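Notes to accompany the following structure.
In the UniProt record's numbering, the protein residues as written are 1 to 269.
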């Protein structure tokens, strides 16, 4: 069901319902995707041919080679279950009993929104490209440049604005540019960046000191292998012993992952 059939986002309820139903059918029968008889008609939401059919058939052959890939079916099922859970979470506002689903056509027209966020994402990408090409350009200049091009302002100026009107606009632009708004914004941004960098530096130093203190403690540890001696030790001391052994043997679990009882900690050592 192509998105262009819908004129606004509030009309996407049927599409969301179809996506959820399709995911549930794949989860209940994963062979619709990777079974030997599966095809784009059973696997694809729109039932249209794949753009890269070779990749689909390679994965299908891998899925049916259970000796080499014994977990592929389970992984794909788990992925689809996670996708369904997330999709239902973010599309809950379109549930059958929701306000959107029960709203009239007139009510939906009062809250018109595009079906995708492509316009905003495209503008954000344009901003990144502009800032990369002209890093010294202010945000106000970027906005003005974009609006000038988007609104075809140049054509309007040539048709309706004479030299007198253009001089007036230049004067207004100079006055606006002299109020220091961009400079204030730039100073505020630089100040914030410096504060953030300083905070990150302090946090890094604190973490480093903490790691050094832990390393110093571990270097001072003398491993105890006698069970009787271990049972006489306090839990913090046993935790240090476990952390020391974990450095040299990753199969030894970390102290934080162990039960709190001393007897169970001693068993690990």
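Ideal Cβ placement from N, Cα and C applies to all residues, glycine included.
The structure displayed is predicted, hence computed values, not measured ones.
Asked                                                                                                                                                                     : Found
So residue 47 packs on residue 41, CB below 8 angstroms; how close in whole Å?                                                                                            : 5 angstroms
Quick check on residue 222: does DSSP put it in helix, strand or coil?                                                                                                    : coil
What do you get for residue 173, buried or exposed, if any count of 16 or more other CB atoms within 10 angstroms of its CB means buried?                                 : exposed
Residue 242 lies in the alpha helix (DSSP H); which residues open and close that run?                                                                                     : 235-248
Let me know if residue 33 comes out buried or exposed under the rule of 16 or more other beta-carbons within 10 Å of its beta-carbon.                                     : buried
Taking residue 266 as part of the alpha helix (DSSP H), name the residues at either end of that continuous run.                                                           : 262-268
Would you check if the distance between the CB atom of residue 175 and the CB atom of residue 87 is smaller than 8 angstroms?                                             : no
Flag this pair as yes or no: are the beta carbons of residue 142 and residue 127 separated by less than 8 angstroms?                                                      : yes
Do the CB positions of residue 258 and residue 265 come within less than 8 angstroms of each other?                                                                       : yes
Take residue 23 and list the residues in its own chain whose beta-carbon comes closer than 8 angstroms to its own, dropping the five residues that flank it on each side. : 80, 83, 84 and 87
Let's test the definition: count the other Cβ atoms within 10 Å of the Cβ of residue 25 and tell me whether it reaches 16, buried, or not, exposed.                       : exposed
Using only CA atoms, which one of 89, 36, 149 and 156 lies nearest to residue 64?                                                                                         : 36
By DSSP, does residue 227 sit in helix, in strand, or in coil?                                                                                                            : helix
Do the CB positions of residue 230 and residue 224 come within less than 8 angstroms of each other?                                                                       : yes
Taking just the CA atoms, how far does residue 187 sit from residue 194?                                                                                                  : 11 angstroms
If distances are taken between C-alpha atoms only, which option among 91, 156, 244 and 52 comes closest to residue 15?                                                    : 91
Please name the residue, chosen from 68, 106 and 50, that lies closest to residue 8 on a Cα-to-Cα basis.                                                                  : 106
Apart from the five residues on each side of it in sequence, which residues of its chain come closer than 7 angstroms, Cβ to Cβ, to residue 111?                          : 10
Between which two residues does the alpha helix (DSSP H) containing residue 76 stretch?                                                                                   : 72-90
Which residue spans inside the stretch 26-70 form an unbroken alpha helix (DSSP H) run of at least 4?                                                                     : 31-34, 40-43 and 53-63
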